[in-house]
Amino acid sequence: MTGRKLIMNFEVTPTSHTLAEYKARGGYATLGKALKMAPADITKEVTASGLLGHGGAAFPVGRKWGVMKPNPGEIHYLCANADEGEPGTFKDRWILENAPHLLVESMLITSYALGVRHAFVYIRGEFDLPYRRIQGAIDEAYAAGLLGKPVPGTDFALDIVVYRGAGSYVCGEASGLITSIEGRKPYPRNRPPRLTVRGLFQKPTVINNVESLANITGIIRMGAEEFRKVGTAKSPGTQLVSISGHIAKPGVYEVEYGYPWVKFLDEDCGGMLHGAKLKCVVPGGISTKVLTRAEIEPLTLCHESVNPAGSGLGSGGMIAIAEGTCMVRFLQVLLRFYHHESCGQCTPCREGMGWMHKIIDRIVAGKGVPEDIERLYAISEANDGTTICGMGDAAGYATVGILNKYRDEFEYWIANGRSKLDGRLECRA
Amino acid sequence: MKHLIPDFEKMKERFPAGFESSLVLPCLHRIQADRGFVADEDIDGLVAYLGVPRVQVEEVLSYYTMLRREGIGRTHLQVCRNIACSMRGAEGVIEHACKRLGVKPGETTADGQFTLSTVECLGSCGTAPVMMVNDAYHENMTLAELDRLIEELRQP
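So the sequence lines, in the order shown, correspond to chains A and B.
Position 46 of the first sequence, counted from 1, bears residue number 46 in the numbering used here, the numbering being contiguous throughout.
Position 61 of the second sequence, counted from 1, bears residue number 1061 in the numbering used here, the numbering being contiguous throughout.
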């Protein structure tokens, strides 16, 4: 067991996502409690809970909300970021498919706290079942009178629109997401102004990850003090870890912050596939730096433990990599992805991703030159902090993380025209 | 496209007032679901209906990978080739699909039955490798399952 559960705390059945069953589990009772509180007190409670964003940056949710000063009569928007696209990450999908009403209730509470009348769920276009589930839950909520008109006994009303993306990684970046909802190509925007000051159609907008929002109902139900008893002092609560790669039992696990990392892999996830040995692990989406088995040995799954090791828990998209996996081919797949997904707005990313992709392809084709390694470093460095959104930086982090630890594999391929291992990404029995 | 306007009106009702510009993408999704792709006349119709600049519709159409300007085969097979899927055999699935169908990624079979595409992360890494058959995810793909699906979907 991976500690206490706040979200995956019910049995999933073919009907457990419905309104009737959500209500039977106590669903929408917290909304009633919230609507009796002053809106500002909800933000205070969320701030006191210490909830950290689950989209990847771990920005305190309360602080984000705090920037948006709800003024009666003014328009504010809320967007749930369900554009889950960071490779290795599939935990928001679990919430959308299995607990869509938890997201709806949380969005109601959040909207009440922030003076929001219209909210959006931005969901990636490929997600079919998750889309049908969240749209189904919203339709149920409309039919039950929870959405679309004032909640009985109050003058608070909310509409939620589900907005489907169409296959773009950059839409998961908050300002890209907003530009996408505005009906244009999703170019991210420079800050300041922050989106909480000028967001969707220039109105103050809060964008939170699905998992971050899903925690709001629990925080208001149990109170910040009780919430903080779960997890660690600096990482309160839990994290949904979606684990994939060469692991025996891949899937989504709710892990209480502070849980021992190796124990999680060896016991809860059943160890490595085919009894292989762990070479390294991507902690939270491919944009976080890989850590070796030796590095994770003393660590626990919480920000204050993982960050000093030079990486981060990111989006919770963990990928276990077995001994024998070729890290040159691994980086090739990553760089092809980043190149494909660069939106093309900023020169360092648009050109840099293309250069890096070309270089790694050249190495794999046996035509690499010794300077290529330094070139990959140089482009990564040149990208860092020079682009509007974090994608250019992220590709660099991933590249540097792999080069630092597995430089020998790159040198070998360049010198010998073939993989130091056998060039495979699969883990065979 | 005109026959879809009642659907567009329904979508519009859900948005706040003044969000006509936001309807570009949902309308294009709806058009593509109807026709299989977005034709020139659809763009004309959408520009007239929404009152947005033509360049905006073109911009959205050309940016997003899921939107198409040309028709494809009756069944769209999209195999994920990102890292988690590659680590669980996606490269073999793609190779096998190419051989079975006699096409390269991005191509359509001569009978117009299948279009094969490779795509980046579909957010199904825990059940890799994953392939989409039209809108539906098929997870934990094996070569045997791929053969079975192709047989099942191939129309006489």
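Ideal Cβ placement from N, Cα and C applies to all residues, glycine included.
Indicate the three-state DSSP secondary structure (helix, strand or coil) for residue i in the structure shown.
i                       : result
residue 266 of chain A  : helix
residue 10 of chain A   : coil
residue 71 of chain A   : coil
residue 388 of chain A  : coil
residue 230 of chain A  : coil
residue 198 of chain A  : coil
residue 1130 of chain B : coil
residue 259 of chain A  : strand
residue 245 of chain A  : strand
residue 135 of chain A  : helix
residue 1038 of chain B : coil
residue 236 of chain A  : strand
residue 1080 of chain B : strand
residue 146 of chain A  : coil
residue 207 of chain A  : strand
residue 403 of chain A  : helix
residue 1001 of chain B : coil
residue 62 of chain A   : helix
residue 1075 of chain B : strand
residue 443 of chain A  : The question about residue 443 of chain A has no answer here: the residues shown for chain A are numbered 1 through 429.
Between residue i and residue j, is the Cβ-Cβ spacing less than 8 Å?
i                       : j                       : result
residue 12 of chain A   : residue 96 of chain A   : no
residue 1046 of chain B : residue 1011 of chain B : no
residue 1072 of chain B : residue 1109 of chain B : no
residue 49 of chain A   : residue 224 of chain A  : yes
residue 306 of chain A  : residue 91 of chain A   : no
residue 245 of chain A  : residue 319 of chain A  : yes
residue 1069 of chain B : residue 1037 of chain B : yes
residue 1065 of chain B : residue 168 of chain A  : yes
residue 158 of chain A  : residue 147 of chain A  : yes
residue 234 of chain A  : residue 303 of chain A  : yes
residue 54 of chain A   : residue 311 of chain A  : no
residue 8 of chain A    : residue 254 of chain A  : yes
residue 70 of chain A   : residue 35 of chain A   : no
residue 1022 of chain B : residue 183 of chain A  : yes
residue 405 of chain A  : residue 292 of chain A  : yes
residue 290 of chain A  : residue 256 of chain A  : no
residue 236 of chain A  : residue 6 of chain A    : no
residue 948 of chain B  : residue 226 of chain A  : Since the first residue of chain B shown is 1001 and the last is 1156, residue 948 of chain B is not available in this structure.
Which two residues bound the contiguous beta strand (DSSP E) that contains residue i?
i                       : result
residue 1138 of chain B : 1136-1138
residue 80 of chain A   : 77-82
residue 328 of chain A  : No beta strand (DSSP E) contains residue 328 of chain A, which is instead part of the alpha helix (DSSP H) from 327-341.
residue 320 of chain A  : 317-322
residue 296 of chain A  : Not the beta strand (DSSP E): residue 296 of chain A falls in the alpha helix (DSSP H), residues 293-296.
residue 941 of chain B  : Since the displayed chain B opens at 1001 and closes at 1156, residue 941 of chain B lies outside it and no answer follows.
residue 358 of chain A  : Counting along the chain, residue 358 of chain A falls outside any beta strand (DSSP E), though it belongs to the alpha helix (DSSP H) covering 347-364.
residue 1109 of chain B : Per DSSP, residue 1109 of chain B belongs to no beta strand (DSSP E) and is neither H nor E.
residue 379 of chain A  : First-last for residue 379 of chain A: 371-383, but that is the alpha helix (DSSP H), not the beta strand (DSSP E).
residue 1090 of chain B : Unbroken run through residue 1090 of chain B is the alpha helix (DSSP H), 1090-1101; no beta strand (DSSP E).
residue 215 of chain A  : Where residue 215 of chain A is concerned, there is no enclosing beta strand (DSSP E), although the alpha helix (DSSP H) it sits in stretches over 210-222.
residue 1117 of chain B : 1114-1119
residue 119 of chain A  : 118-123
residue 161 of chain A  : 159-164
Compute the beta-carbon to beta-carbon distance between residue i and residue j, rounded to the nearest angstrom, for a pair I have assumed lies under 8 Å.
i                       : j                       : result
residue 1117 of chain B : residue 1139 of chain B : Going by Cβ atoms, the distance from residue 1117 of chain B to residue 1139 of chain B rounds to 17 Å, so no, they are not a contact pair.
residue 258 of chain A  : residue 288 of chain A  : No, residue 258 of chain A and residue 288 of chain A are not in contact; Cβ-Cβ is about 19 Å, not under 8 Å.
residue 202 of chain A  : residue 316 of chain A  : Residue 202 of chain A to residue 316 of chain A, Cβ: 32 Å. No contact.
residue 1088 of chain B : residue 1136 of chain B : The pair is not a contact, with the Cβ atoms about 19 Å apart (cut-off 8 Å).
residue 190 of chain A  : residue 388 of chain A  : 5 Å
residue 77 of chain A   : residue 116 of chain A  : 6 Å
Which residues bound the alpha helix (DSSP H) around residue i?
i                       : result
residue 191 of chain A  : Looking at the DSSP string, residue 191 of chain A is not in any alpha helix (DSSP H), and its letter there is neither H nor E.
residue 280 of chain A  : Premise fails: residue 280 of chain A lies in the beta strand (DSSP E), 278-282, not in any alpha helix (DSSP H).
residue 49 of chain A   : 39-49
residue 987 of chain B  : Since the first residue of chain B shown is 1001 and the last is 1156, residue 987 of chain B is not available in this structure.
residue 101 of chain A  : 100-114
residue 181 of chain A  : 174-181
residue 20 of chain A   : 19-24
residue 1008 of chain B : 1005-1014
residue 1147 of chain B : 1143-1153
residue 309 of chain A  : From DSSP, residue 309 of chain A is part of no alpha helix (DSSP H); its letter is neither H nor E.
residue 30 of chain A   : 29-35
**Message:** Under 8 Å, with one C-beta from each stretch per pair, do the stretch 387-397 of chain A and the stretch 406-426 of chain A reach the 3-pair mark?
**Reply:** no
**Asked** For the 8 Å Cβ check, are there 3 or more pairs between the stretch 49-69 of chain A and the stretch 96-107 of chain A?
**Response** no
**Message:** Between the stretch 185-199 of chain A and the stretch 217-224 of chain A, can you find at least three pairs of beta-carbon atoms closer than 8 Å?
**Reply:** no
**Cβ contact check for the stretch 345-358 of chain A and the stretch 367-384 of chain A: 3 or more pairs under 8 Å** = yes
**Request:** Mind the definition here: the stretch 324-336 of chain A touches the stretch 275-294 of chain A only if three or more C-beta pairs lie below 8 Å; say whether that holds.
**Result:** yes
**Asked** Would you say the stretch 142-160 of chain A touches the stretch 1139-1155 of chain B, given that touching needs at least three Cβ pairs under 8 Å?
**Response** no
**Prompt:** At a cut of 8 Å, does the stretch 164-182 of chain A reach the stretch 118-126 of chain A through at least three beta carbon pairs?
**Reply:** yes
**Message:** Between the stretch 1085-1093 of chain B and the stretch 1055-1063 of chain B, can you find at least three pairs of beta-carbon atoms closer than 8 Å?
**Reply:** no
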